[in-house]
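Colleague: Got a structure for you, questions after.
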Amino acid sequence: MDMMDVDETSAPREGKPVLVILVGAPGSGKSTFGEDVMRSSTRHWVRVCQDTIGNGKAGTKAQCLSSATSALKDGKSVFIDRCNLDREQRSEFIKLGGGLQIDIHAVVLDLPAKLCISRSVKRTGHEGNLQGGRAAAVVNRMLQHKELPKLSEGFNRITFCQNENDVKNAINTYSSLGPLDNLPHGCFGQKNTDSKIQVGIMKFLKRAEVPLAAAPTTSGTEEPTSQTPRNNLYCKDKEALSSISDTDNLETKEVERQEVGSAGSHANQVCPDDIPTLAFPSISTSDFQFNLEKAADIIVEQVAEFLNKFRNARLVLVDLSHKSKILSLVKARIAEKNMDTQKFFTHVGDITHLYSRGGLRCNAIANAANWRLKPGGGGVNAAIFNAAGPELESATKDKVKSLSPGNAAVVPLPSSSPLFTREGVTHVIHVLGPNMNPQRPNYLNNDYNKGCKILQDAYTSLFDGFASILRNHPRIPEGKSEKLERKSLELPVQSDCSSRKYFTGTDQKSKRSDDHGSEKSKKCKGTQDDLGLPFTDSKGEKVDSEHRRIERSRSKAWGSWAQALHQIAMHPEKHKGDLLEISDDVVVLNDIYPKAQKHVLVLARTGGLDCLADVQKKHLQLLNMMHDVGLKWVEKFLSENASLVFRLGYHSAPSMRQLHLHVISQDFESTQLKNKKHWNSFNTAFFRDSVDVMDEVSSDGKATLKDDDKLLSMELRCHRCRSAHPNIPRLKSHISSCQSPFPAYLLQNGRLVHAPGEPRNSVQ
Numbered sequence: 020m021d022m023m024d025v026d027e028t029s030a031p032r033e034g035k036p037v038l039v040i041l042v043g044a045p046g047s048g049k050s051t052f053g054e055d056v057m058r059s060s061t062r063h064w065v066r067v068c069q070d071t072i073g074n075g076k077a078g079t080k081a082q083c084l085s086s087a088t089s090a091l092k093d094g095k096s097v098f099i100d101r102c103n104l105d106r107e108q109r110s111e112f113i114k115l116g117g118g119l120q121i122d123i124h125a126v127v128l129d130l131p132a133k134l135c136i137s138r139s140v141k142r143t144g145h146e147g148n149l150q151g152g153r154a155a156a157v158v159n160r161m162l163q164h165k166e167l168p169k170l171s172e173g174f175n176r177i178t179f180c181q182n183e184n185d186v187k188n189a190i191n192t193y194s195s196l197g198p199l200d201n202l203p204h205g206c207f208g209q210k211n212t213d214s215k216i217q218v219g220i221m222k223f224l225k226r227a228e229v230p231l232a233a234a235p236t237t238s239g240t241e242e243p244t245s246q247t248p249r250n251n252l253y254c255k256d257k258e259a260l261s262s263i264s265d266t267d268n269l270e271t272k273e274v275e276r277q278e279v280g281s282a283g284s285h286a287n288q289v290c291p292d293d294i295p296t297l298a299f300p301s302i303s304t305s306d307f308q309f310n311l312e313k314a315a316d317i318i319v320e321q322v323a324e325f326l327n328k329f330r331n332a333r334l335v336l337v338d339l340s341h342k343s344k345i346l347s348l349v350k351a352r353i354a355e356k357n358m359d360t361q362k363f364f365t366h367v368g369d370i371t372h373l374y375s376r377g378g379l380r381c382n383a384i385a386n387a388a389n390w391r392l393k394p395g396g397g398g399v400n401a402a403i404f405n406a407a408g409p410e411l412e413s414a415t416k417d418k419v420k421s422l423s424p425g426n427a428a429v430v431p432l433p434s435s436s437p438l439f440t441r442e443g444v445t446h447v448i449h450v451l452g453p454n455m456n457p458q459r460p461n462y463l464n465n466d467y468n469k470g471c472k473i474l475q476d477a478y479t480s481l482f483d484g485f486a487s488i489l490r491n492h493p494r495i496p497e498g499k500s501e502k503l504e505r506k507s508l509e510l511p512v513q514s515d516c517s518s519r520k521y522f523t524g525t526d527q528k529s530k531r532s533d534d535h536g537s538e539k540s541k542k543c544k545g546t547q548d549d550l551g552l553p554f555t556d557s558k559g560e561k562v563d564s565e566h567r568r569i570e571r572s573r574s575k576a577w578g579s580w581a582q583a584l585h586q587i588a589m590h591p592e593k594h595k596g597d598l599l600e601i602s603d604d605v606v607v608l609n610d611i612y613p614k615a616q617k618h619v620l621v622l623a624r625t626g627g628l629d630c631l632a633d634v635q636k637k638h639l640q641l642l643n644m645m646h647d648v649g650l651k652w653v654e655k656f657l658s659e660n661a662s663l664v665f666r667l668g669y670h671s672a673p674s675m676r677q678l679h680l681h682v683i684s685q686d687f688e689s690t691q692l693k694n695k696k697h698w699n700s701f702n703t704a705f706f707r708d709s710v711d712v713m714d715e716v717s718s719d720g721k722a723t724l725k726d727d728d729k730l731l732s733m734e735l736r737c738h739r740c741r742s743a744h745p746n747i748p749r750l751k752s753h754i755s756s757c758q759s760p761f762p763a764y765l766l767q768n769g770r771l772v773h774a775p776g777e778p779r780n781s782v783q
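Residue numbers (this note's numbering): 20 to 783.
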């Protein structure tokens, strides 16, 4: 690398702790940089990562500052693993040097935007769950606001890395830095202080295989666009979003929580938060020909009333055209009333493709329905019924037969609906407004006194219906809107020893995410909202107990990405060439993200068995069969490598739908084992041994679930000697050479399976 502004004499003579502030966009390799140095350095390093600082979950900047201060006072060197792309984000960490005898360095991973975006889009199992299409738009937006560090900020040394070779050299430099060594002060490797953001980057984004946030287009096609909040182009801080419900526990870095915008006066308001969102079209202003000015007044009035009572929600008015007059009128009134554009804004796009084409996550969408609640008729009604498939028509018939003007009906969307699997929409709310078109039923003969009252009632019923969803779903289930990284059910296949691999819940957090422990709470838990808004159906009645029962049952629905194993189990013939074994009762496949040398899944093919919680005594024979099939594959693997040791079991709260048994070797040699949740999901009580599950179901009729979230955030301990380790790289280094016997309880009751006479498996 080129060197400039070097001050050799300023290098201190005695070794002292170093605070290294990593600077770079998502996908630039900050975490990898820190881990690579820590793996090979003799100096004691601590990596402070905001994505995992809260016991394996996302934390705050204050926690990072506290952790860094503590480590530096103990004489340890520290990597600050955050984006740190502007001076303000770096300033408080630089101030730590004021009262401590330390050097403050910056390592700037100023790699090409295209490379960062490519990495972010393709990666899986990211600690902060910034991956897929959402990541592409966030990276592009962040890079437009980057501010390269300068020595004048308070740094002793700045290293600029502008390609992968520069990064390797920097890793070698810090890896070779011994406990008593120091690096010369100055600025190294900066070739172009005025480097520009890549132009035309959105053309690259369009080639991604996953849903993208809205991007400008060069064609004549209308692209989804949302109204830009005037005073807040992006969400800067997690603390600033404290009012948002913690549905999916996103672990993005502080400055990554941005609202993605496109160029121009409009921007796509896609802040990766988890505010429950309702998207709705303008009611009655199209085919029913209601006056646009009056409709705009009513919309804004009813939205304001709703948001005053229900602050933890978001409403989006949607229309197909940039030239939409109703959107223009509503936007003008939003500005006049100085309404919060984080909670209510307009969006140009197809209401049936808000996420896949616009990056806008909505839990519910409103349908401007006809009184018969039938498909067809053109417009929004036809589009929504077509997009949702026959499942919506069937679910609507089960819920309500017809609708009168001024009323709404909430319909839970079946998880098999394309609108659910593709867009993450969990509910459709049918709403019928007043008709001013003499060619349509219930014509009001231009009686706007009556028409305005009916339209007010229609919006009130619509928003009350949304409120009823939130009361029954105070925490929106993961996979429905917030963690939705659209995964095709035609799953990617990777070859490994001529066999194929498929999805498993152990690497989808997301997170999907790696949130095995929080999955149950995300599906089933949440505090009741204190809002007492009544919801009326087509007859003006309040939601009855049957509706609430349906809503509660829907809260256990699985998101689109989590359906992959279920689809394979139900339709193995579609994946015949990619499975290890198929029978009438089970299928066997490789885990696409194996956490060890050998890691396969045995899937039950019985419908209604989503997870261990669904198992009853009548399923005991199936459990025995799954265990036997697992043992058969263990025997095969041991014939190939007799040194392996295996464990068979279930996750207490899996993140993938369909009961599946893990058959996993205990070496845990895998690049896919990346974080605390990965490790603890297999090495705490969260992992239920198959033999114990069979015993419990036989005696008690059900399995005991150990699904406490705290299990997945426990400290990292070796599964043999139980020694504690600060991070995954240290743990992996230890277990690769640990010769301690396994704990006695693992060798009891057949919990561990190994080749006969293997001495390494002796009891403690």
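We put the CB at the ideal spot given by N, CA and C, even for glycine.
Could you please give me the residues that DSSP links to Pro300 through a beta bridge?
Modeller: In DSSP, Pro300 forms a bridge with Val337.
Colleague: Near Cys135, which residues of its chain fall below 8 Å by C-beta distance, leaving aside the five closest residues on each side in sequence?
Modeller: So the list reads Gly43, Ala44, Pro45, Gly46, Ser47, Val158, Leu162, once near-sequence residues are dropped.
Colleague: Please state the DSSP three-state secondary structure of Phe98.
Modeller: It is a strand residue.
Colleague: Could you tell me which residues DSSP puts in a beta bridge with Tyr669?
Modeller: In DSSP, Tyr669 forms a bridge with Arg707.
Colleague: Assign Trp64 to one of three DSSP states: helix, strand, or coil.
Modeller: Strand at Trp64.
Colleague: So, with DSSP's three-state summary, where would you put Val419?
Modeller: Coil at Val419, not helix or strand.
Colleague: In whole angstroms, give me the CA-to-CA distance for Ala314 and Pro437.
Modeller: Approximately 31 Å between the Cα atoms of the pair.
Colleague: Nearest-angstrom Cα distance between Asn465 and Met455?
Modeller: Using only the alpha carbons, I get a separation of about 6 Å.
Colleague: Between which residues of its own chain and Met644 is the CB-CB distance below 7 Å, once the five residues before and five after are set aside?
Modeller: Once the five neighbours on either side are set aside, the close Cβ partners of Met644 are Asp604, Val605.
Colleague: In terms of residues, what are the limits of the beta strand (DSSP E) holding His681?
Modeller: Segment 679-684, the beta strand (DSSP E) holding His681.
Colleague: List the endpoints of the continuous alpha helix (DSSP H) containing Val56.
Modeller: From DSSP, the alpha helix (DSSP H) with Val56 extends over 49-59.
Colleague: Can you tell which of Ser139, Tyr764, Leu167, Ser480 has its C-alpha closest to the C-alpha of Leu422?
Modeller: Of the candidates Ser139, Tyr764, Leu167, Ser480, the one whose C-alpha sits nearest the C-alpha of Leu422 is Ser480.
Colleague: Going by DSSP, what residue range makes up the alpha helix (DSSP H) through Ile317?
Modeller: Segment 311-328, the alpha helix (DSSP H) holding Ile317.
Colleague: Would Val126 and Val39 be called neighbours here (beta carbons separated by less than 8 Å)?
Modeller: Yes, they are a contact pair.
Colleague: Quick check: the Cα distance between Cys737 and Asp633, rounded to an integer number of angstroms?
Modeller: About 31 Å.
Colleague: Of all the options Leu432, Asn461, Pro453, which has the alpha carbon lying nearest to the alpha carbon of Ser413?
Modeller: If we check each option's Cα against that of Ser413, Leu432 comes out closest.
Colleague: Using the beta-carbon count (16 or more within 10 Å), is Ser662 buried or exposed?
Modeller: Under this definition Ser662 is an exposed residue.
Colleague: May I ask you to report which of helix, strand or coil DSSP gives His618?
Modeller: Residue state, collapsed to three classes: strand.
Colleague: Taking 8 Å as the cut-off, decide whether the C-beta atoms of Val653 and Val772 are in contact.
Modeller: For Val653 and Val772, yes; Cβs fall inside 8 Å.
Colleague: Counting only the same chain and skipping the five closest in sequence on each side, list residues whose C-beta sits under 7 Å from that of Met733.
Modeller: Here the set comprises Asn699, Thr703.
Colleague: From Glu715 to Thr723, what distance separates their C-alpha atoms?
Modeller: Their Cα atoms are separated by approximately 7 Å.
Colleague: Whose C-beta lies closer than 7 Å to the C-beta of Arg770 among residues of the same chain, with five residues either side of it excluded?
Modeller: Closer than 7 Å at the Cβ level, and outside the excluded window around Arg770, lie Arg666, Asp708, Val710.
Colleague: Give me the residue from Val140, Leu411, Ala298 with the minimum Cα distance to Asp369.
Modeller: Checking every option, the nearest Cα to that of Asp369 belongs to Ala298.
Colleague: Give me, in chain order, the residues of the same chain whose beta-carbon lies closer than 6 Å to that of Gln832; leave out the 5 immediate sequence neighbours on both sides.
Modeller: Nothing about residue 832 can be read from this structure; the chain reaches only from 20 to 783.
Colleague: Please confirm whether Ser689 and Pro613 have their CB atoms less than 8 Å apart.
Modeller: For Ser689 and Pro613, yes; Cβs fall inside 8 Å.
Colleague: Just confirm the distance between the C-beta atoms of Leu735 and Ile754, as a whole number of angstroms; I'd bet it's less than 8 Å.
Modeller: With 8 Å as the limit, Leu735 and Ile754 do not qualify as a contact, their Cβ atoms being about 10 Å apart.
Colleague: What did DSSP end up calling Gly205 once you bin it into helix, strand or coil?
Modeller: If DSSP states are grouped into helix, strand and coil, Gly205 belongs with the strands.
Colleague: Kindly indicate the opening and closing residues of the alpha helix (DSSP H) around His164.
Modeller: Here His164 belongs to no alpha helix (DSSP H), and DSSP marks it neither H nor E.
Colleague: If we call anything under 8 Å between Cβ atoms a contact, is Ser343 one with Glu442?
Modeller: For Ser343 and Glu442, no; Cβs fall outside 8 Å.
Colleague: Give the range of the beta strand (DSSP E) segment to which Thr360 is assigned.
Modeller: It is not in any beta strand (DSSP E) - Thr360 carries neither H nor E in the DSSP assignment.
Colleague: Considering only C-alpha positions, which residue in the set Leu620, Phe309, Leu628, Leu336 is nearest to Lys469?
Modeller: Measuring from the Cα of Lys469, the nearest candidate turns out to be Phe309.
Colleague: For Lys725, tell me which candidate among Ser59, Tyr669, Asp306 has the shortest Cα-Cα distance.
Modeller: Closest by alpha carbon: Tyr669.
Colleague: What distance in whole Å lies between the Cβ atoms of Lys593 and Ile601, which are believed to be in contact at a cut-off of 8 Å?
Modeller: That belief does not hold up - the Cβ atoms of Ile601 and Lys593 are roughly 11 Å apart, past 8 Å.
Colleague: Taking 8 Å as the threshold (C-beta atoms), are Ala87 and Phe112 in contact?
Modeller: Taking 8 Å as the Cβ cut-off, Phe112 and Ala87 qualify as a contacting pair.
Colleague: Identify the continuous beta strand (DSSP E) that holds Asn426 and give its terminal residues.
Modeller: Run containing Asn426: 426-431, per the beta strand (DSSP E) assignment.
Colleague: Any chance you could list the alpha helix (DSSP H) runs of at least 4 consecutive residues sitting entirely within the segment 695-755, in chain order?
Modeller: Here the runs fully enclosed are 695-702, 709-719, 728-731, 747-754.
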